[in-house]
Amino acid sequence: MSGKVKIMERKGKDLYERLYLVEVFKGMAVTFGHFISNFLDNSKLYVRHYPEQKPEITARWRGRHRLTKHEDGTMKCVACFMCQTNCPAKCIMIEAGERVDGRTEKMPVRFDIDLLECIYCGYCVEACPMDAIRMDTGIFAVTGSDRQSFVMGLDALLATPGAFTEEEYKKGGA
Amino acid sequence: MAEKVKLFVNGQEVEVEAGKNLIDAFGAIGIEIPHLCYHPALGADGNCRMCLVGIEDGRPPLVPACKTKVAEGMKVQLDAEKIKKIQRDIMELELINHPIDCPICDQAGECKLQDYYMKYDGQPSRMTVKPVLKAKKMDFGCGVVHDQERCVLCARCVRFTRLITKTGELGIVNRTDAARVNIFPGRPLNNRYALNVVDLCPVGAMTSRDFRFKQRAWFLTKSPSICHGCSKGCNIFIDHNREKYKDDVIYRYRPRLNEKVNGYFMCDEGRMTYKLENDNRLGTPRVNGREAGFDEAIESVRRAVSEAKKAVVLISPNASLEQMFAAQQFAAAINAPVSGYSDGYVKAGDGDDFLIKDDKSANRASFALLGIDDSKTAFEAALNGADLLLSFDNDLSRSLSGDALTQLLADTKLIMVASSQTDCVAKAAVAVPVASYSEDAGSLVNCDGRLQSYEVAVVKNQPAKSLIEVLHLCGGEIKSNQEARAGLQAAVAVLKDIDLEQIPAEGIALTESEVAHVAA
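First to last, the protein sequences are chains U and A.
Taken in order, the first sequence gives residues 0 to 173; the numbers are from numbering that gives the first Met the number 0.
Taken in order, the second sequence gives residues 0 to 519; the numbers are from numbering that gives the first Met the number 0.
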């Protein structure tokens, strides 16, 4: 391999730099300059004020799941088990039953997603033939104080609204 | 050996069995001809046109494979463009009014329409008009749910009720778009084999109410086994699944082909016996009415056996040949008479001339083989002066009335080694749980003297010990099925030349000729 070789000039050889202290104070001046200016006015900071200031999330972001509803409020899920079958983390647990809201024949009576086991790969969303499960809630931080609170049930999944409009979500590649 | 003929498929020479039609003959050597209406047990109907093939010998350009017998030198064409087009077109016609509700269809995963669409069709629908809506979720009786929209009018179900059960409840009414499989008004399915139409239906038009929405077909593990519902010993698949965080549970039984026993079918009652394997099982051992550890229960059995003046061993007619032999040896070791008394397992007059038998136990024929007396007089004679009754999964409450059982137990201590919770178990001094047949392996002799074997299908999270292991812990000599089989070969003349470890899938008829044939 014959690449271009550039020989760098080595700095810090002269007496002024070898005195060390002068350079240290120059560096500290920069640091304290920033510190004081930020201390007096923090509006120009380069970091985000998380958690007061939430990051902007695109419609393609795979956040916490939700189950979608038809316009009349009935759930879209028909308990076909495609998401459970496709889930590589095996975190979805469904129990199917007879449908009671007047649409077709089948609906889930239990639909649990264990968020501690979920790897947020989005395969469930890809697999769903009914567009019933989405990860567009914009929730990226799930907290809880015990393991059980990380298992999202049917009601919790249905209750969370989507964070984006339909156009935004569709534009995101769904 | 069946006679063979040589013929050509797509220009390649193959050898197949003579006398069969093209679908069966090629199916046996792994060449599939798609078909919806043909079923080996129901004969060729030729209405679906899916199996049309070309034969290059001056016949009409295309013939249905289900109605064409193989012949020497025949040149069959399966992959010509015109045949592929026919298959594609037939599929398109079948799917015109199909609701494509696979997400809610229990057949999904084992559906011929799905398979054939992926294999022979694969094109998007060209329909621009609205599909014809038909009735869904119709109750056809006997636990059969019919969906007219999914139906492809292959008439398998109709032919089943006409040819096999001869009850003729189903028919196809009207023509073209209006054609529907239906029952006569107010006359639902009413035969004891009705749920076979669910297996026969190539699509999801016939589904079982019992299995409805319980599981998707692809989650189920399909383990071959033998039905213990009656003495016929129908070959079955045990479809079971262990869901996450749960136990291995059986969801359904399906018939498994055995030409020598049950053919393609089984009865509805037998199908539902899977529930006995799931529910009401004896879980924890019990000693004197309170729950106890397994070791404690075994210890109290051993103590009771050593303290007893006279013990009687009662064997279940549902036990496998190996278990019966082990129990017999155990009884001989403790000097106890053996009985197989189980009159309550026989439901006189219940059987028919097809598959259902009066005797609701699976292995009574082995009693005769091992010389175990199952008469009531012998049982009573054995009980005379006895103070301990050891029952190995024989539910006496089926044979004796409650009073008679109470009276019997007044001066006799009962020890039950049982798989399910019964009245008898509730009354027993000691109850020890054992594995049931779906969790155990063994051999059975059915009512026609056919020896069949089954393997372990279900493995519970906390598996119960097998009866032979329990017998060994209680002091029996025999440790395993293998030892029991070796003992059986030595002790029973008919089994001398049979390798009990390798019973063929169709079983062995315990008659001189066939035993000689297998041994040769």
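We put the beta carbon where it would ideally sit given N, CA and C, even for glycine.
Quantities reported herein were computed from a predicted structural model and do not represent experimental measurements.
Annotation: U:R65 to U:M92 spans about 14 angstroms, alpha carbon to alpha carbon. A:K136 reaches chain U at E104, counting residues in chain order whose Cβ is nearer than 7 angstroms. For A:V151, the three-state secondary structure derived from DSSP is coil.
When 9 angstroms is used as the limit between beta carbons, U:K89 is near these residues of chain A: K243, in chain order. The continuous alpha helix (DSSP H) containing U:H33 extends over residues L20 to L39.
If only uninterrupted alpha helix (DSSP H) runs of at least 4 residues are considered, those enclosed by the stretch 240 to 298 of chain A are 267 to 271 and 273 to 277. Against chain A, a Cβ distance below 7 angstroms from U:M74 picks out nothing, because the smallest value is about 13 angstroms. For U:M151, not one C-beta of chain A is nearer than 7 angstroms to its own C-beta.
Counted as a single uninterrupted DSSP element, the alpha helix (DSSP H) harbouring A:D23 occupies residues L21 to A27. The CB of U:F80 comes closer than 7 angstroms to the CB of R215 in chain A, given here in chain order. DSSP places A:D114 in the uninterrupted alpha helix (DSSP H) bounded by K111 to Y115. Between the stretch 70 to 81 of chain U and the stretch 114 to 130 of chain U, the count of C-beta pairs closer than 8 angstroms reaches three or more; the two stretches touch.
Note on U:Y15: under 16 other CB atoms within 10 angstroms of its CB, so exposed under the neighbour-count rule.
A direct Cα-to-Cα measurement between A:Q488 and A:L35 gives close to 46 angstroms.
Rounded to whole angstroms, the gap between the alpha carbons of A:R241 and U:L115 is 21 angstroms. Contact between A:H239 and A:D247 holds, since their C-beta atoms are separated by about 6 angstroms, short of 8 angstroms. Leaving aside the five residues that flank A:I28 on each side, the residues in its chain whose CB is nearer than 7 angstroms to its CB run, in chain order, V13 and V15. A residue is called buried once 16 or more other Cβ atoms fall within 10 Å of its Cβ, and A:V416 is buried on that count.
Apart from sequence neighbours up to five positions away, the residues of its chain that approach A:F218 with a beta-carbon distance below 7 angstroms are N240, ordered along the chain. Of A:L152, A:R397, A:F366 and A:A403, the smallest CA-CA separation from A:L169 is found for A:L152. Using a Cβ-Cβ cut-off of 7 angstroms, A:I103 counts as an interface residue toward chain U, since at least one Cβ of chain U sits closer than that to its own.
Restricting attention to A:A440, A:S390, A:L320 and A:S479, the CA atom closest to the CA of A:G448 is found in A:L320. Put simply, the CB of A:F212 is near chain U, with a gap under 7 angstroms to one of its CB atoms.
With a 10 Å radius around the Cβ and a threshold of 16 neighbouring Cβ atoms, U:D13 comes out exposed. Chain order gives the chain A residues near U:V77 as P102 and I103, where near means a beta carbon separation below 8 angstroms. Just so you know, the alpha carbons of A:A17 and A:E71 end up roughly 9 angstroms apart. Bridge partners of A:Y453 according to DSSP: A:G441. Under the Cβ criterion (8 angstroms, minimum of three pairs), the stretch 142 to 157 of chain U does not count as touching the stretch 1 to 9 of chain A. Residue range K3 to V8 is occupied by the beta strand (DSSP E) that includes A:L6, with no alpha helix (DSSP H) assigned at that position. Of all alpha-carbon atoms in A:C226, A:C141, A:I371 and A:R174, the one lying nearest the alpha-carbon of A:R186 is that of A:C141. In this structure, the beta-carbon distance from A:Q147 to A:K133 falls below 7 angstroms. Per DSSP, the beta-bridge partners of A:E16 are A:K3. The C-beta distance from A:L194 to A:D267 rounds to 5 angstroms, short enough to fall under 8 angstroms. Here the C-alpha atom of A:L21 lies approximately 13 angstroms from the C-alpha atom of A:L61. U:P107 has a beta carbon lying at 7 angstroms or more from every beta carbon in chain A.
Its chain contains C82, N85, C86 and P87 as the residues whose beta carbon lies nearer than 8 angstroms to that of U:Y122, once the 5 sequence neighbours on both sides are disregarded; these appear in chain order.
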